[in-house]
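First comes the structure, then the notes that go with it.
Chains as they are written, first to last, in our numbering: chain H, 855 to 1064; chain Y, 6 to 110.
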């Protein structure tokens, strides 16, 4: 039972669950069913890469190309696939457009249906009972708490997602972004903008506009 | 790619634990267990629903921690497919518990 010539990184025995996880990984690697690198890659991808960047690219393209925008609003799945940026299939996606007099926001009142294919994994607040119930009951108040104050004349539409139909908001292009590239524009489009609890802001914007 | 979708599409009580949208692992073994399950599926070792159904069932049974359910579901699908034998799994785990094997991850 001496650990003298053993490593000194793990003087404590692993917990039962740790031992099981270690056992599984070492057996699978021994059998050649998986490599350590593959496991690392998956964890890293999920921690960093699966984000709302696909949705942001789609929005930026729609801002630059009116015909693309039209295709996006009528057949979102085809329009997203068209960009060829490796989005998973989004057959159930519907894109709804903000305008000068209308603001859209998305919720799933029943659970946490979410257009993950374009927005990545949902934030925890999206799944909270508070957001799910209040977004429908008092959307303006919820938006205010997100820091988005909308004038009374702007109508707020709340879209309730389901497993069959998932919504994504196409926000308005901010003023002062004329001549910007698709990449620059995409960088303005946050996940929250596409859920409809924020609006994209050009860096130069003062935020004083109503 | 579609796999990312399926994994990300875990919903309700079986949804991945997250904080501010980021995956949350309470301990390194949880991240490893996550990576193993997804990577094996990406390799075509099993269909995602074989794993998911077991996960949903265990989470529904009220296991104390999410990734304990995750690991149990992963063990179950590998045992069911005969890729790992129960006795070798237990023997290997015991080697780690007894510090007869380096816990190098």
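Each residue gets a CB set at the ideal place from its N, CA and C atoms; glycine is no exception. Everything numeric in this text was worked out from a predicted model, so none of it was measured.
Within chain Y, the residues 16, 17 have their CB atoms less than 7 Å from the CB of residue 965 of chain H, given in chain order. Pairing residue 1049 of chain H with residue 45 of chain Y gives a Cβ-Cβ distance that is not under 9 Å.
Residue 950 of chain H and residue 1035 of chain H have their C-alpha atoms some 23 Å from each other.
Chain-ordered, the chain H residues with CB closer than 7 Å to the CB of residue 97 of chain Y read 877, 880, 881.
Taking a Cβ-Cβ cut-off of 8 Å, the neighbours of residue 893 of chain H in chain Y comprise 37, 40, 41, 44, given in sequence order. Taking residue 48 of chain Y as reference, the option from H:892, H:918, H:899 with the minimal CA-CA separation is H:892.
When secondary structure is reduced to three states using DSSP, residue 1013 of chain H falls in the strand class. Residues of chain Y whose Cβ lies closer than 8 Å to the Cβ of residue 874 of chain H are, in chain order, 76, 80, 94, 98. With respect to chain Y, the C-beta atom of residue 987 of chain H has no partner C-beta closer than 9 Å.
For residue 997 of chain H, there is no enclosing beta strand (DSSP E); the residue is part of the alpha helix (DSSP H) that begins and ends at 993-999. For the set Y:59, Y:106, Y:87, the Cα lying nearest the Cα of residue 50 of chain Y is the one of Y:87. Following the DSSP letters along the chain, one finds residue 949 of chain H inside the beta strand (DSSP E) bounded by residues 947-951. Non-local C-beta neighbours of residue 1018 of chain H in its own chain, meaning closer than 8 Å and more than five positions away in sequence, comprise 946, ordered along the chain.
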